[in-house]
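Heads up: the sequence shown is residues 5 to 934, going by the working numbering. Below: one structure, written as structure tokens.
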Amino acid sequence: MQSTKSRSRVFYGASALAVAVAMASAAHAQQTSAPAPAPETSEVEEVVVTGFRASLQSALNIKRRENGVVDAISAEDIADFPDLNLAESLQRIPGVAITRRSGEGRQISVRGLGSDYTRVRVNGMEAIATSSGTSNSGGTNRGRGFDFNIFSSDLFSNLIVRKTASASVDEGSLGATVDLNASKPFDIAGRRLVLSAQGSYNDLAKDIQPGFSVLASDRFFDGKLGVLVSASFDKRHLIEEGANITRWTFGGSNGGWNAASTVAGKTIAQINQNVTGYDNAEAGLYHPRIPAYASYDTSSKRLGLSSAVQFRPTDATLVTIEGLYSNFEGVRKEAQLQALGLSRPGTGKPQSIIRSGVVEGNNLVQANIDRVDLRSQSSYNELNTKFKQVTGSIEHEFSEKLKVKAVAGRSESAYSDPVATTVTFERIDSNNFSYDFRPRMMEMSLGFDATDPNAWSIVPGSSETRLTPEKVDNAFTTYKLTADYILNDNLTLKVGADYKRFDYESAAWQRTNTADVPAVASGAAMAALGKVFKFDEGLGLPGTSVTSWLAPDLDKYIAQYNIYSNTGIWALRENTGSAAKIREETKGAYAQLDFNFTAFGLPWRGDVGYRYFETQLASGGYANATSGTRFVTVDNKYDMWLPAANLSVELTPKLIARVSSAETIARPGIGSLSPGGSVNVQGANRNYSSGNPFLEPTRSKNLDFSLEWYPESGAILAFGAFYKDIDTFVQTLRREAPYNTLGLPNSLLDGTVATPDMVFAVTQPVNSPGGKLKGIEVNLQQPFTFLPGFWSKFGFLANYTYVNSEIDYLTSTTPGAAMVNATLTGLSKNAWNATLYYEDDKFSARVSAAYRDRYLTGVPGSDFNDVQGTNATTNIDAQVAYNITDKIRLSIEGLNLTDEYNDLYVDTDNRLNAYTHTGRQFVVGLRYTF
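Below is the structure:
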């Protein structure tokens, strides 16, 4: 409490001092008729450069003229962004780290705060874009995080990351507010036409995929009307392969091992030791739940359209209308070979006999096991996202002092997985199975010919055919009215009001009984429904490991049984647990005073203000009641006052110091607010997740300091420090419990292979204690213009970020329950990236490296693993380009040149959870500018 009071005094004191000095300076200026220098005098002198160096200079110009801590990425030219993916461009900004899906940047975290804590605005309007991924890459996005992979970077002219708050910027972010700005016709001088074509090649998929883009812009009626249209289209094909373990569990789980099991140095009691809490997890002998090989074959096509019309009927009026559309269509084909029986109770694990094994610590890292239930699984998903946005604004200067702007807009993101199919083959009680986790890439041997149709069958009640289509819709409707009034040469008053409505709806469907399948005996009948799947694209598995197996051929299976008929055993019903309907309405207003003055012989500038908002929330979902399961709606409401202040001073013409203080909030993930719950059973993975409509928003008190030196055009050396005092975090509380203890009706298990006595992984979002987050950023950007001749064309940029936050995580809502102390989920303590580049009038080249330290994805983990996380990654990319003429440029780009693996783990023992790679990507492009 004392810390909070002290920091509040710092904010109010600094704000009052800034305003007092500004007013005093204004009075002095009026008396002496010598106004203080305007902020523009400190801007970088414009230098005519082109290409990558030009984009760096443009980004520095944006950064330098802001009052707060801001970073930016700018296009090298019209419709020519430095990277193919927006997230991969953003990772060059200090404090920004990215997560990938199928080798492509999907979401970002800023200063250790994940995507749910970062708000994204597209053309000034808040938006959410939703896509899906494998279970290892986050699955379907049901939160507030923005999926950058649905957009082509060609549609945008710059990205701005606002790390500090101002009252004039909408609330909702703890990490940063990210602005994605598309090109506008008045940003471009005269008529422009840009055409580009490209081909991409992935060394695992081994095929070439095309891409095209076009942009046209012109002005009419003596420059009063501007029109811009752009379009982009590309296709991608990626293969992701590796091991997928689905966590580790203790020997006594799921009924324990067969009593005949033997492990050197262990009694059967020790082998089957039960674990009942995180405090005695070390007593258990842990083994992989479902050791599996997995392959994901993903093809996608992405269409992007943008348009902007600007009209300036008079010098005082500007009307802008912008439209943005993206259609992302993907197909994912999945094949898995699983030792499912190690996580299956009853006739599964209790029948399995460990013949021998190797123990390291309390982990059974290698084992030879008889009577193991095996599964061959094929899945097919169609993953579609449509995003559309329309924004209109009108600005009018009523006088030299008063300017008013009105904005209205709506964005919609519709994600659907209309075809989601999984078919499985079984082999019950298979002998001579073995796994080995001593190498990081798991080795798995079956002891029989897995391609033989005589080895597999379809067993009703055990085999599954899952049909699980789903959809997630998001929509933002926004209205804003702002006014700026220049009080004098030193003070500008800014006021505004806004209304936002966020609508969220999700739904899913499933079969009445996923295990109601036709019985198919081993042999010729299985051969007619299967195909041989070949594994090991560059994984380097030994000859003893299985690298091919008989997998369900979905085309043959669909043709044979007409599973999409929606009749009989194939009829679908709504999965009520996944249904949610949420409306969030927010009314806000702000008042902000911008100032600039001279004091102590130095030019100062900044802003100070307050923002007020009120949010009303209506959350709907299916909940259980005495009368059965029914749809209920829960209302919630909260409001807050949020102060913010930013102060910058030019210590010298090349040295700027900044200090910022603010209170900010982030709302809970939208998918977490449903009052309902979802039962999900996929083979031996049994989960129950519920929402919490009474989650409180996360509130933070922030203090930032930055010192920036601009020694020459295009160069910067900057140091920043930041501190956040966060009152609460929303964590996912995990526990293990038999289904029949959850108070849920047994009817929710109808159609699954689960029974009421089986143990489920139970999750629910809760507010956990907050904590303090602190860190530093160092940013260096230097063109080598001080070197002679050829060497002067080189340049270098690099940044480093350190973030730390120790949080106490709940293990139970029971008072006095044990806590787990760990870093904030999604936080990498160390992150850096660096780029070495060369650029002259004809040729350019650059190589970039991006490092992200290991980070946690779940605390506490499931099965009494204390954490779940992702290990460190280093990604290397490179690009070369040659200007054939002034209008034609050829480029070659290489992505993930070292084929970095995605390495997921559970527990501080670093038990392997998933280990996959996506190969190297090469892109050849040709660009024409008219």
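The C-beta atom is built at its ideal place from N, Cα and C for all residues, glycine as well.
From what residue to what residue does the alpha helix (DSSP H) around residue i run?
| i | result |
| --- | --- |
| L94 | L90 to L94 |
| L60 | G55 to R69 |
| I275 | I272 to I275 |
Label residue i either buried or exposed according to how many other C-beta atoms from any shown protein chain fall within 10 Å of its C-beta, with 16 as the threshold for buried.
| i | result |
| --- | --- |
| S939 | With the chain covering 5 to 934 only, the question about residue 939 has no answer from this structure. |
| R115 | buried |
| V52 | Because V52 sits at a pLDDT of 33, beneath the cut-off of 50, its placement in the model cannot be relied upon, and the following sentence gives the value as read from the coordinates. Exposed: under 16 other Cβ atoms inside 10 Å. |
| L655 | exposed |
| K728 | buried |
| K951 | The structure shown has nothing for residue 951, since the chain only spans 5 to 934. |
| F601 | buried |
| I892 | exposed |
| W608 | buried |
| G194 | exposed |
| N570 | exposed |
| P657 | exposed |
| S360 | exposed |
| W795 | exposed |
| T271 | exposed |
Could you round the C-beta distance between residue i and residue j to whole angstroms and report it? I think they count as a contact, below 8 Å.
| i | j | result |
| --- | --- | --- |
| S417 | N478 | 5 Å |
| L378 | R293 | Between R293 and L378 the Cβ distance is about 14 Å, and since that is not below 8 Å, they are no contact. |
| N783 | P98 | 5 Å |
| A528 | K475 | Wrong, their Cβ atoms sit about 40 Å apart, outside the cutoff. |
| W261 | I275 | 6 Å |
| S93 | L159 | Actually they do not touch by this definition, with Cβ atoms about 13 Å apart. |
| A171 | G610 | Between G610 and A171 the Cβ distance is about 12 Å, and since that is not below 8 Å, they are no contact. |
| L543 | M445 | 6 Å |
Can you check which of these residues, the options, is closest to residue i by C-alpha distance?
| i | options | result |
| --- | --- | --- |
| R316 | L387, R123, Q785 and F225 | F225 |
| F216 | G227, V198, D222 and K210 | V198 |
| P349 | V423, I896, S257 and A424 | S257 |
| R223 | Y508, K188 and T878 | K188 |
| G740 | T395, S816 and T702 | The residue asked about is misnamed: residue 740 is Glu in this sequence, not Gly. It is S816 whose Cα lies nearest to the Cα of E740. |
| Y626 | T580, L597 and D639 | T580 |
| A802 | S852, V411, I212 and Y205 | S852 |
| A758 | E716, K846, R690 and D907 | R690 |
| A169 | I811, F709 and T789 | F709 |
| T827 | Q872, Y855 and G203 | Q872 |
| V313 | S304, R306, E326 and T302 | E326 |
| P672 | S360, F617 and N771 | N771 |
| V638 | A584, V376, E401 and N684 | A584 |
| Q564 | E588, A595, E700 and V524 | V524 |
| S664 | F190, Y909, G592 and L711 | L711 |
| E897 | T103, A849 and P701 | A849 |
Mapping the DSSP letters down to three states, classify residue i as helix, strand or coil.
| i | result |
| --- | --- |
| M129 | strand |
| L346 | helix |
| E49 | Reliability fails at E49, whose pLDDT of 33 lies under 50, so the model's placement of it is uncertain and the value that follows must be treated cautiously. It is coil, neither helix nor strand. |
| K353 | helix |
| A20 | Residue confidence for A20 is low, a pLDDT of 43 falling below 50, so the modelled location carries little weight and cannot support an answer. |
| K560 | helix |
| G929 | strand |
| A30 | Residue placement at A30 cannot be trusted, given a pLDDT of 41 that sits under 50; the coordinates are not used to answer. |
| H921 | strand |
| E430 | strand |
| Y568 | coil |
| Y121 | helix |
Starting from residue i, follow the beta strand (DSSP E) in both directions and report where the run begins and ends.
| i | result |
| --- | --- |
| I720 | I720 to P742 |
| G775 | V763 to P787 |
| I669 | L659 to A670 |
| Y841 | N834 to E843 |
| D907 | N906 to V910 |
| Y813 | F798 to L814 |
| Q213 | I212 to F224 |
| Q370 | N367 to D374 |
| M530 | Note, M530: premise wrong, no beta strand (DSSP E); alpha helix (DSSP H) at A528 to A531. |
| Y489 | E474 to I490 |
| E175 | No beta strand (DSSP E) contains E175, which DSSP labels as neither H nor E. |
| D301 | A296 to T318 |
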